[in-house]
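This is the structure we're talking about:
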């Protein structure tokens with residue numbers, strides 16, 4: 001990113017670009033959630049299992065998101081780690097109705113958190129306890145207990161219950177905006193850091 | 206013994222590593238009330254279990270989706286086997302479930318009863334027929350014993366029960382069943398599936414049934430007619446089928462007489478027979494080989510033609526066996542449930558992994574469960590249900606953990622070919638062995654004699670730097686310092702006696718006077734206290750610059766004795782400097 005871009009970003013002329021990784025097991029609803037976050041005219045009707053990964057871009061008032069919608073199928077999960085470096089925020093989707101595979105979700109999450117590209121970064125993580133419409137779905141509190149989210153001490157995280165089919169708990173609802181606020185805070189911290197870098201660069205010149 | 210400890214360590218390692226790194230504990234319900242065996246359990250989108258219940262009640266067909274029970278169907282009799290198969294070409298391709306129970310096969314589609322198939326009745330013995338027709342009038346006493354001796358087989362219904370009755374009850378029994386014709390019905394002991402003519406995963410399959418009448422039936426999937434019937438020398442208990450019915454197939458059957466028979470297409474009799482030393486408990490086919498768990502705590506592997514490949518001795522009796530076939534990783538292994546609450550995983554004869562379970566496992570099923578490919582489903586003796594999921598990152602390394610000789614022992618060494626010279630030499634050695642041995646012994650004795658003589662001589666003439674006399678035990682070594690032409694000779698003399706000092710000693714040097722000059726060439730040395738080291742310096746001057754050197758002999762002498770106590774030969778270095786004029 002050039003110096004002008006940095007200044008523009010600082011002055012708020014240019015929207016901040018955020019790379020978001022959307023992770024989670026297969027059939028947890030990642031693509032559906034991303035689809036719901038898109039403007040209504042860009043949404044697709046039929047969601048098919050993602051192969052490899054797909055990239056989606058959309059904008060909110062202050063941020064420009066690039067979402068890497070990763071495939072959750074077992075054979076594609078080893079692709080995830082190659083995108084950890086670029087990711088500035090993570091969305092982790094959990095199928096609240098799949099009690100059996102909660103351990104698998106926990107295992108994948110632990111692998112993610114212990115990865116060298118993630119471990120020492122204060123990367124914000126947003127958890128969606130998805131499929132709340134299911135009759136036997138676990139509550140978001142129960143999901144966070146099962147995933148031992150309370151052990152994540154060094155990263156800002158938030159869990160919210162969602163129903164991606166109806167779009168509940170995603171865009172509207174204060175929960176998601178609080179999640180977005182996390183991103184904002186993170187961005188501001190990043191900007192302050194960058195200002196210092198810019199100043200230093202000027203001093204050097 | 207050490208090998209045993211090593212094995213134990215490795216097994217402990219296996220337990221430790223697998224419990225924390227290879228399997229995820231997805232679900233454990235100790236009170237699921239599932240009492241079943243590996244033959245009555247099937248997986249896929251959902252888990253279907255033929256529950257044997259407790260005794261005669263609660264015999265049910267249960268269906269699990271995820272962790273919850275979604276459906277229950279009451280069964281009339283104990284299930285002996287359960288398979289899922291595709292019975293038609295219809296879309297969508299949903300498999301049907303066949304449950305064998307008594308002489309019937311109940312087919313379920315979409316978890317609803319769909320069809321009931323009854324095994325064809327066996328022909329009735331004419332003698333039995335005759336007896337039954339006459340029994341309607343005549344007493345049992347006349348025919349019963351006669352029938353017992355002439356007919357060794359099971360009796361047909363209702364004659365069998367008639368013969369067991371008391372004479373006074375016979376009348377009513379005969380009247381009750383007078384109208385019924387005699388029929389003889391067999392029951393199903395095992396069931397499996399065989400692809401009809403295509404190898405695809407979801408191709409139409411025939412049912413293969415083993416019956417108490419020592420027969421194997423192959424049923425048409427759509428019409429439910431008997432396509433083929435094969436007979437065995439004994440009652441089949443475990444069955445495994447591979448191949449396609451229209452092309453070529455192999456049916457491997459473990460029988461109640463402790464033999465395994467291998468049947469092929471177009472042969473109504475078994476093609477091969479494997480005679481086991483004990484009764485088979487579990488039968489699993491891996492590729493072309495068959496792995497059998499025996500009642501004698503052994504695991505045996507045989508080829509398709511009945512050739513034995515290996516034996517593994519297990520730590521406990523086998524309870525059940527299952528195949529672990531992970532398609533996406535191309536991994537195949539045998540799961541063996543043991544009575545010591547362990548499930549061991551074997552690839553060939555190598556123990557790869559041990560899963561410890563809270564209870565004895567009675568049924569094992571590995572495969573897809575819901576969306577997870579690597580699920581291990583087990584039910585326990587106490588009715589519990591355990592689901593474990595293989596980690597995505599889990600790897601099984603093929604370590605040889607079987608006790609016994611190490612693997613390296615069986616590797617052939619690349620020994621070079623014998624040369625002609627080697628052969629000739631060997632021949633010569635073989636022919637003249639005695640003479641060669643004698644010559645060698647003679648030379649050895651001579652060598653020993655020569656060395657002993659030299660040693661005695663050295664001791665007698667005190668040529669060594671160690672004193673041999675007991676009265677004056679001395680030790681000496683010498684160091685030469687300097688580059689030349691002046692050298693410094695340091696003699697370290699030590700009295701090695703325990704407490705006696707040595708007195709009246711002198712040192713004398715013998716050297717070529719043309720080459721060297723020594724300032725004191727003879728001097729007395731003081732009293733030597735035991736144990737202490739006395740360094741004595743002497744200065745040597747080299748007189749020539751021709752680059753030659755010589756030996757200086759040092760003698761330690763005692764007053765009044767002509768023979769020296771010690772002798773040291775000092776090899777002088779070449780003088781590298783020039784003498785000062």
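Chains as they are written, first to last, in the numbering used here: chain B, 1 to 205; chain R, 206 to 786.
Note that CB positions come from ideal geometry on N, CA and C, so glycine has one too.
query	result
Just list the residues that DSSP pairs residue 699 of chain R with in beta bridges.	R/680 and R/738
Using a cut-off of 7 Å between C-beta atoms, extract the partners of residue 250 of chain R located in chain B.	Within chain B, no residue comes near residue 250 of chain R; the closest Cβ sits about 12 Å away, beyond 7 Å.
With DSSP as the reference, identify every bridge partner of residue 704 of chain R, one or two as the case may be.	Per DSSP, none; premise fails for residue 704 of chain R.
So which residues of chain R does residue 107 of chain B contact, with C-beta pairs closer than 9 Å?	229, 594, 596, 597 and 598
I think residue 662 of chain R touches residue 671 of chain R, with their Cβ atoms under 8 Å apart; what is that distance to the nearest whole Å?	That belief does not hold up - the Cβ atoms of residue 662 of chain R and residue 671 of chain R are roughly 15 Å apart, past 8 Å.
Let me know the secondary structure DSSP gives residue 17 of chain B once reduced to three states.	strand
Please decide whether residue 98 of chain B counts as near chain R, where near means a Cβ-Cβ distance under 8 Å.	yes
Restricting to runs no shorter than 3 residues, where is the beta strand (DSSP E) found entirely within the stretch 568–622 of chain R?	577–585 and 590–595
Answer with yes or no whether the minimum CB distance from residue 533 of chain R to chain B is below 8 Å.	yes
For residue 776 of chain R, which of helix, strand or coil comes out of DSSP?	strand
Tell me, which residues are paired with residue 518 of chain R by DSSP?	R/503
Which residues in chain B have a C-beta closer than 7 Å to the C-beta of residue 575 of chain R? List them in chain order.	100
Pull up the distance between the alpha-carbon of residue 108 of chain B and that of residue 406 of chain R, whole angstroms please.	30 Å
In chain R, which residues lie less than 7 Å from residue 67 of chain B when you measure between Cβ atoms?	Ordered by position in chain R, no residue passes the 7 Å Cβ test against residue 67 of chain B, which lies about 23 Å from the chain.
Who are residue 157 of chain B's beta bridge partners in DSSP?	B/125
Between residue 275 of chain R and residue 251 of chain R, how many whole angstroms is the CB-CB distance? I'm expecting something under 8 Å.	7 Å
In this structure, does DSSP put residue 624 of chain R in helix, strand or coil?	coil
What does the alpha-carbon distance come out to for the pair residue 224 of chain R and residue 592 of chain R?	Residue placement at residue 224 of chain R is poorly supported in this model, since its pLDDT is 49, which falls under 50; the coordinates still yield a value, given next. Their backbone Cα atoms lie some 14 Å apart in a straight line.
Where residue 451 of chain R and residue 66 of chain B are concerned, what is the direct C-alpha to C-alpha distance, given to the nearest angstrom?	55 Å
What residues from the stretch 22–53 of chain B come within 7 Å of chain R, judged by C-beta to C-beta, listed N to C?	26 and 27
Decide yes or no for the touch test of the stretch 473–483 of chain R against the stretch 517–534 of chain R: beta carbon pairs closer than 8 Å, at least 3 of them.	no
Helix, strand or coil for residue 509 of chain R? Go by DSSP, reduced to three states.	coil
Express the C-alpha separation of residue 660 of chain R and residue 775 of chain R in angstroms, rounding to a whole number.	19 Å
Is there a Cβ from chain B that is less than 8 Å from the Cβ of residue 357 of chain R?	Residue confidence for residue 357 of chain R is low, a pLDDT of 44 falling below 50, so the modelled location carries little weight; the figure read from the coordinates is stated next. Chain B, which has no Cβ nearer than 8 Å to the Cβ of residue 357 of chain R, makes this no.
DSSP state of residue 482 of chain R, grouped into three classes?	coil
Applying the 10 Å Cβ sphere with the 16-neighbour rule, what's the burial state of residue 781 of chain R?	exposed
Output yes or no for whether 8 Å exceeds the beta carbon distance between residue 787 of chain R and residue 539 of chain R.	The structure shown has nothing for residue 787 of chain R, since chain R only spans 206 to 786.
Since I believe residue 25 of chain B is in contact with residue 97 of chain B (beta carbons under 8 Å), could you give me their beta-carbon distance rounded to a whole number of angstroms?	In fact, because the Cβ distance is near 12 Å, the residues do not count as touching under 8 Å.
Helix, strand or coil for residue 445 of chain R per DSSP?	strand
Could you tell me the alpha carbon to alpha carbon distance between residue 789 of chain R and residue 557 of chain R, rounded to whole angstroms?	This structure leaves residue 789 of chain R out entirely; chain R is present only between 206 and 786.
Which residues bound the beta strand (DSSP E) around residue 558 of chain R?	555–561
Please give me, in chain order, every unbroken run of the alpha helix (DSSP H) with length at least 4 that falls completely inside the stretch 25–92 of chain B.	30–37
Would you mind giving the Cβ-Cβ distance between residue 431 of chain R and residue 421 of chain R, rounded to the nearest angstrom? I have them listed as a contact below 8 Å.	Their Cβ separation, rounded to whole angstroms, is 10 Å, which puts residue 431 of chain R and residue 421 of chain R out of contact at 8 Å.
Take residue 326 of chain R and list the residues in its own chain whose beta-carbon comes closer than 7 Å to its own, dropping the five residues that flank it on each side.	388, 389 and 390
Taking one C-beta from the stretch 521–531 of chain R and one from the stretch 568–585 of chain R each time, how about it: are there three or more such pairs within less than 8 Å?	yes
Give the straight-line distance between the Cα atoms of residue 330 of chain R and residue 336 of chain R, rounded to the nearest whole angstrom.	10 Å
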